[in-house]
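Taking the UniProt record's numbering, the leading residue of the sequence shown gets 1, the next gets one more, and so forth.
Structure record follows, encoded as structure tokens.
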Amino acid sequence: MLKQTILFIIRLLVGGLFIFSGLIKVNDPVGTAIKLEEYFDVFSNDIASFFVHFKEIALPLAVFLVVTEVVLGVMLILGVRLRLTVWALGLMIVFFTFLTFYSAYFNKVTDCGCFGDAIKLTPWESFTKDVILLVLIGILFLFRKDLPNQHRPWAHRIAFGSLAVSFIIAITAIRNLPFIDFRAYKEGVNINTAMQPSAPLKYSYIMKKGEELLEFDQYPTDESLEFVEMKLLNEEALPKISDFAVWNDEGTFTEQILQGKKLVILVTNMSKINTDHLGKIDELLAGIVGTSIEPVLVAASSMEEIEQLVKSRKWQVTSYQGDATVIKTIMRSNPGTMLLSEGVVIKKYHYLNTPTAAEVKELLPS
């Protein structure tokens, strides 16, 4: 009886964590795909070059992984085909533990994306979490013959339903934007404010005198002391956004893009840009001509490629370059549009949902 109780508690803990983790990532499978691409880049350089080819299927792989997490968690808690479920969870956690260990030990991917953008863990925190899960799933595996299987039809229907619902949510998020935006550039954020510390940054100074280490709140004037390091005491006050910047051949224009009313077209990858729906952007840009709304294009590309796109579409826009990682963080669509008012993110749109000029004028009134 005690054994069954302990095994059930472990099932609840492991299953609940997998469901929680999976649902967060089902909300944003494109973000999971971006994280997988980072791993494939690292593996192609450090392990074998063929890993680079997996980048082409990163998105379907991401959907498979996040949906599987949810479904396996549900099956584990309900007791549906438990032996098969424990085997699948074991293989999955071994894979995840390898990824997080590789990230932590070699400091390659500093955020595993275990909980998407909702909860940030350091590489070693992620690895520790996976080791704990590995132990718990290992216990279930050792006692898998003692696990009861649920044969009632309702349990199987719920498990199948979780598969269908998770898959539909994932596809909907891909074809639109994440339902819940956990990123630093979510709607309502003032980028100007987010780029500033929330409070004055406080430091301590570690100095060395002989073999003794001394710590000071202010940098000491004693020239006999040897500087060792400076430690930040209030990391929570660091800017939420530290990497936002736009530029072109004439210089940096980060301040300018965060002033006034801007319609920003974002392109994460020029070679993979979806051209089927650019006509909607053509109409949008034509519809805001003569208003106080300034159209801007920011792309992670060379200026030659940017100018070629602008010329081919006959867009009257100010063009800037941006960092690919930053643009992917802002926009999960290629291309996508974002409305800014004095640096505040008013609205973001997937290319399938490009707004009309009338909608933009209503959100950014003159």
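Where a beta carbon is used, it is the ideal one built from N, C-alpha and C, also for glycine.
Keep in mind that this is a model prediction, so the values were computed, not measured.
With H, G and I counted as helix, E and B as strand and the rest as coil, what does DSSP make of N234?
coil
Excluding five sequence neighbours on each side, which residues of the same chain lie with their C-beta closer than 7 angstroms to the C-beta of A159?
V71, V74, M75, L78 and V80
State buried or exposed for D117, treating a residue as buried only when at least 16 other CB atoms are found within 10 Å of its CB.
Per the 10 Å Cβ criterion, buried.
In angstroms, rounded to a whole number, what distance separates the CA positions of L12 and C112?
24 angstroms
May I have the straight-line CA-CA distance separating V30 from F179, to the nearest angstrom?
12 angstroms
Report yes if the CB atom of G322 is closer than 8 angstroms to the CB atom of A299, and no otherwise.
Yes, these two residues count as a Cβ contact at 8 angstroms.
For the structure I just gave you, are there three or more beta carbon pairs, one from the stretch 262-269 and one from the stretch 313-328, closer than 8 angstroms?
yes
Rounding to the nearest angstrom, what Cα-Cα distance links K261 and S271 in this structure?
29 angstroms
Endpoints, beta strand (DSSP E) assigned at A299:
I293 to A299
Return helix, strand or coil for M195, following the three-state DSSP convention.
coil
How would you label T354, buried or exposed, when you count the other beta carbons within 10 angstroms and need 16 or more for buried?
buried
Can you confirm whether the stretch 135-148 touches the stretch 7-26 when touching is taken to mean that 3 or more C-beta pairs between the two stretches lie within less than 8 angstroms?
Note that the stretch 7-26 touches the stretch 135-148; at least 3 beta-carbon pairs, one per stretch, sit closer than 8 angstroms.
Enumerated in chain order, which unbroken segments of the beta strand (DSSP E) with a length of 3 residues or greater are wholly contained in the stretch 296-333?
318-322
Are the stretch 190-208 and the stretch 220-234 in contact at 8 angstroms, needing three or more beta carbon pairs?
yes
Hey, would you say Y320 sits closer than 8 angstroms to V246, going by beta carbons?
yes
Could you tell me which uninterrupted alpha helix (DSSP H) segments, each at least 4 residues in length, are contained entirely in the stretch 63-138, listed from first to last along the chain?
82-106
Which residue or residues does DSSP assign as beta-bridge partners of S341?
DSSP, once it has assigned bridges, lists K261 and V344 as partnering S341.
Looking only at its own chain, which residues have a Cβ that is under 8 angstroms from the Cβ of N176, when we skip the five neighbours before and after it?
H350, L352 and N353
Distance check for A164 and Q196, CA to CA, integer angstroms please.
43 angstroms
Return the bridge partner residues of L201 from the DSSP annotation.
Among the bridge pairs identified by DSSP, L201 is matched with none.
Per-residue burial, T85 [other beta carbons within 10 Å of its own, 16 or more giving buried]
buried
Give the C-beta separation of L36 and L61 to the nearest angstrom, bearing in mind that I take them to be a contact with Cβ-Cβ under 8 angstroms.
Yes, they are in contact, since the Cβ atoms of L36 and L61 sit about 6 angstroms apart, within 8 angstroms.
Could you tell me how far apart the beta carbons of L65 and T97 are, in whole angstroms, since I believe they sit closer than 8 angstroms?
About 15 angstroms; that fails the 8 angstroms criterion.
By the three-class DSSP mapping on this structure, what secondary structure does I169 have?
helix
Simplified DSSP state of I288, which is helix, strand or coil
Here I288 carries a coil assignment [DSSP, helix/strand/coil].
Could you name the residues that DSSP lists as bridge partners for K208?
L213 and E226
State the Cα-Cα distance for the pair L309 and I281, rounded to the nearest angstrom.
12 angstroms
Which word fits E187, buried or exposed, when buried means at least 16 other C-beta atoms lie within 10 angstroms of its C-beta?
exposed
Residue 384 (DSSP reduced to helix, strand or coil):
The question about residue 384 has no answer, for the chain in this structure spans 1 to 366.
Assigned secondary structure, G161 (DSSP; H/G/I helix, E/B strand, else coil):
In the structure shown, the three-state DSSP call for G161 is helix.
Measuring alpha carbon to alpha carbon, tell me which of E304, I288 and E307 ends up nearest L339.
Closest in C-alpha terms to L339, from the list E304, I288 and E307, comes I288.
What span of residues does the alpha helix (DSSP H) with W45 cover, start to end?
Inspection of the sequence shows that residue 45 is occupied by Asn rather than by Trp. From DSSP, the alpha helix (DSSP H) with N45 extends over P29 to D46.
Give me whichever residues DSSP pairs with G336 in a beta bridge.
L266 and H350
Hey, could you find the ends of the beta strand (DSSP E) V246 is sitting in?
V246 to N248
What's the C-alpha gap between N107 and L297?
Approximately 34 angstroms, taken between the alpha carbons.
Would you list the residues sitting across from N176 in a DSSP beta bridge?
In DSSP, N176 forms no bridge with anything.
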